[in-house]
Structure formats: C-alpha cells, structure tokens
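Asker:
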Amino acid sequence: GEDVEQSLFLSVREGDSSVINCTYTDSSSTYLYWYKQEPGAGLQLLTYIFSNMDMKQDQRLTVLLNKKDKHLSLRIADTQTGDSAIYFCAERFSGNTPLVFGKGTRLSVIA
Amino acid sequence: GAVVSQHPSWVICKSGTSVKIECRSLDFQATTMFWYRQFPKQSLMLMATSNEGSKATYEQGVEKDKFLINHASLTLSTLTVTSAHPEDSSFYICSADSLQLEGTDTQYFGPGTRLTVL
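Protein chains in written order, with the working numbering: chain A, 22 to 132; chain B, -13 to 104.
Written as structure tokens, this is what we have:
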C-alpha cells in the first residue's frame, strides 16, 4: 500500500541549512514532490524529482532521492524566516493519478 | 507557470444549505482535476478525481451524493457540498495536472476554499 512518512517538526536558526526527510513505501512511484504550505494558503509546488534521478538542485533547494531505501530529502540552504511553513512530501505513481501526501513537516526558523 | 484558481476563497453558510466551489485552470487545459480536503493541522486527503466529460471517481468513504463534482470543461471543475453540516467545515483544495503545459506530470494546486458551516 501507499504510505508517506515525515517527521512533524523541525526547528533551525536563520542562515543554517534545513533538511526535511521523507520515506515512502511504494517503490513503483514515478514522481516525488515537495510542496510548501503557508498558514491559510494552498500548496505551492517547490520542486519534483523523477524516480530515475538521484539528485536535483534548484537555487537554494536540493532534493536527494535514495530509491533503495525509499528515502527522499529536501535541503534548504541559508534558511530564512520566510521559509517557515509546512512542507509536504508526496508521491505519485503516474500521470493523471492523485498524489499521496505525507502529514507534513512544520519548519520553524528562529531569527 | 501554471495557475489554478478557486472561488470563493472562504464561505460561511448555515447548516442545511448547499455550497458550490469552483476550480479553474487559468492558463492551461486540465483533463483531470482532483479535490482534496484538509482538516486543521492535518495532511491533504483525496476526495475524488474529476475527469472532463465523465463522472468523478470518489475515494472510499466519500459520499458522492453529498459532494457533487462536475467537470464541465477542460478548465473548470466544481464541487458542491449539499446539505452542509458543521462536520463538513474544512479546507477544500483542488488541483490540476499540467501535462499539456510542461510535458511532465506536475500537479498544481489552487489556493483553497475554507468552508465554515454554522
């Protein structure tokens, strides 16, 4: 079955790097996503990675994928107070199928 | 990038009334849209998959007669909460696939609609 697990909370100091971890169980997932949700708002797509990739970097964001361990991580370099939000990891089997979300990690950035 | 809008952004209604929420893909066509529900401090739970021109596919435990979904065009899907009750109060979020736009299977989300039933 499908299941996506994330730690619920992470607290970092401004300027440090944040690493948010996620594990998934469906090895047939083709796409893996990271979304950001600020209070009272919808989901903002941050980045995604195909299952045949190991790493993807986009400015301050680095996604690492370990298919063997079914582990996905999101690293935010030089974390800012504006990065405080809930970050959702999600997996998807194929196109036109819904996403399966983790419970979200609440990132708090301390100035 | 792809933009998905929802209307209204929030609504307060009396128990027993029906509420319609619209989801639009503004700059791309979406053959498939999804409706999610999010309770406070919880993750998104898929309610149904909406396909243009056909009946929606509902997840187990979601009453299709209570949550009516209509995907009338490639840019519009509506969710109608019929005979709403306080337990239906939640944050409803829609999403749409942008396959045509980007050539990859990326799903973009609307800003959500907060429904409060008194």
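All C-beta atoms in this analysis are idealised placements derived from N, C-alpha and C, irrespective of residue type, glycine included.
#1: Starting from the beta carbon of PHE95 of chain B, find every residue of chain D whose beta carbon is closer than 8 Å, and list them in chain order.
#2: Need the endpoints of the beta strand (DSSP E) that HIS71 of chain B sits in, please.
#3: How many angstroms separate the CA atom of GLN27 of chain A from the CA atom of ALA16 of chain B?
#4: Starting from the C-beta of MET76 of chain A, find all residues in its chain whose C-beta is less than 6 Å away, skip the five residues before and the five after it, and write them out in chain order.
#5: Are the stretch 3 to 10 of chain B and the stretch 122 to 132 of chain A touching, with three or more C-beta to C-beta distances below 8 Å?
#6: Assign LYS0 of chain B to buried or exposed, taking buried as 16 or more other Cβ atoms, counted over all protein chains shown, within 10 Å of its Cβ.
#7: Measure how close the beta-carbons of SER50 of chain A and PHE122 of chain A come, nearest whole angstrom, since I'm counting them as under 8 Å.
#8: By the 10 Å Cβ neighbour count, where 16 or more other Cβ atoms means buried, how is THR126 of chain A classified, buried or exposed?
#9: Report yes or no: is there a C-beta of chain A within less than 8 Å of the C-beta of GLN46 of chain B?
Answerer: Reading from the atomic positions:
#1: Included in the structure are the protein chains A and B, with no chain D among them.
#2: Here HIS71 of chain B belongs to no beta strand (DSSP E), and DSSP marks it neither H nor E.
#3: 30 Å
#4: LEU85
#5: The stretch 3 to 10 of chain B vs the stretch 122 to 132 of chain A: no contact.
#6: exposed
#7: SER50 of chain A to PHE122 of chain A, Cβ: 13 Å. No contact.
#8: buried
#9: no
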